[in-house]
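Asker: This is the structure, below, for whatever I ask next.
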Amino acid sequence: MATTEHAEGTNRNAVAVYVLLGLLAVAALAGLIAYFNRPAQIGTSEEVFNTVDALYTAVRNRDEKRLTECEQRLTGYRDAGKLPADAADELSSIIAKARGGSWDSAAERLYDFMKAQRREGGTPHPPKQQGKAKK
1 MATTEHAEGT NRNAVAVYVL LGLLAVAALA GLIAYFNRPA QIGTSEEVFN
51 TVDALYTAVR NRDEKRLTEC EQRLTGYRDA GKLPADAADE LSSIIAKARG
101 GSWDSAAERL YDFMKAQRRE GGTPHPPKQQ GKAKK
C-alpha cells in the first residue's frame, strides 16, 4: 500500500507543477500582448498636446473647420519631427473616421487615445489662473 500512496502523491505534485507552469505561460503571454498593444505616444511637445486637445474639442463639436485646422497642425508637427509617425497615423485615422460621419465613434477613440498618453519627460501644465491678481 505504501507504493500506491507514494505514486498518488507524485501524480498530484506533477499536476500542480503543470498547472503552475500553465499559469506562468498565460501570464507571460498576457504581458507580451499588453506590451505590443500599447497605444502610440504623442511625445512631450506641449504644442502637440494642445493640438490633440483642440482636436478632441473639434470632434466633439463636429466642427469641420477646426478639424481641418488641427489636421494641418498635426501634419506640420509630424513633418517637423515633433509627432511620432505611429501617433500621427492613429490621429489621422481618427480624423478620417470623423470626416466619414462617425463623429461619436471618433470622439470615443480619441478619448481613449488621449487617456493612454504618458506625459513622461514633458513639462507639467501650468495651473489655471483664477482671475487677475490685484496689485
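Residue 119 in UniProt numbering sits at position 119 of the sequence shown, and the numbers go up by one each step. The beta carbon of each residue, even a glycine, is placed where N, CA and C say it ideally should be.
When DSSP labels each residue in this structure, what does D63 get in the three-state scheme?
Answerer: In the sequence shown, residue 63 corresponds to position 63, counting from 1. Coil.
Asker: Taking DSSP as the reference, what is the three-state secondary structure of T44?
Answerer: Residue numbering aside, residue 44 sits at position 44 when the sequence shown is read from its first letter. Note: T44 maps to coil in three-state DSSP.
Asker: Would you grab the beta carbon distance between R109 and I94 for me? Rounded to a whole angstrom, and I think it's under 8 Å.
Answerer: Here residue 109 is taken as the residue at index 109 of the sequence shown, counted from 1. Here residue 94 is taken as the residue at index 94 of the sequence shown, counted from 1. Going by Cβ atoms, the distance from R109 to I94 rounds to 5 Å, so yes, they are a contact pair.
Asker: Which residues in the same chain have their Cβ closer than 6 Å to the Cβ of R62, if we skip the five residues on either side of it in sequence?
Answerer: Here the question's residue 62 lines up with position 62 in the sequence shown. Excluding positions up to five away in sequence, the list reads W103.
Asker: Quick check: does the Cβ of A87 come within less than 7 Å of any heavy atom belonging to the ligand NAD?
Answerer: Inclusion of the ligand NAD in the displayed structure is not the case, the ligand content being empty and no account of it being possible.
Asker: With a threshold of 8 Å, are at least 3 pairs of Cβ atoms found where one atom belongs to the stretch 34-53 and the other to the stretch 84-100?
Answerer: Yes: at least three Cβ pairs fall under 8 Å.
Asker: So, using beta-carbon positions, are K115 and A106 closer together than 8 Å?
Answerer: The residue you call residue 115 lines up with position 115 of the sequence shown. The residue you call residue 106 lines up with position 106 of the sequence shown. For K115 and A106, no; Cβs fall outside 8 Å.
Asker: Spatial neighbours of T123 within its chain, please: CB distance less than 7 Å, with the 5 preceding and 5 following residues excluded, ordered by chain position.
Answerer: Translated into the one-based positions of the sequence shown, residue 123 becomes position 123. Because the pLDDT of T123 is 49, which lies under 50, any placement of that residue in the model is unreliable, and the number read from its coordinates should be weighed accordingly. So the list reads E46, once near-sequence residues are dropped.
Asker: Please state if the CB of T44 and the CB of R73 are separated by a distance shorter than 8 Å.
Answerer: The residue labelled residue 73 in the question sits at position 73 within the sequence shown. The residue labelled residue 44 in the question sits at position 44 within the sequence shown. Not closer than 8 Å, so no.
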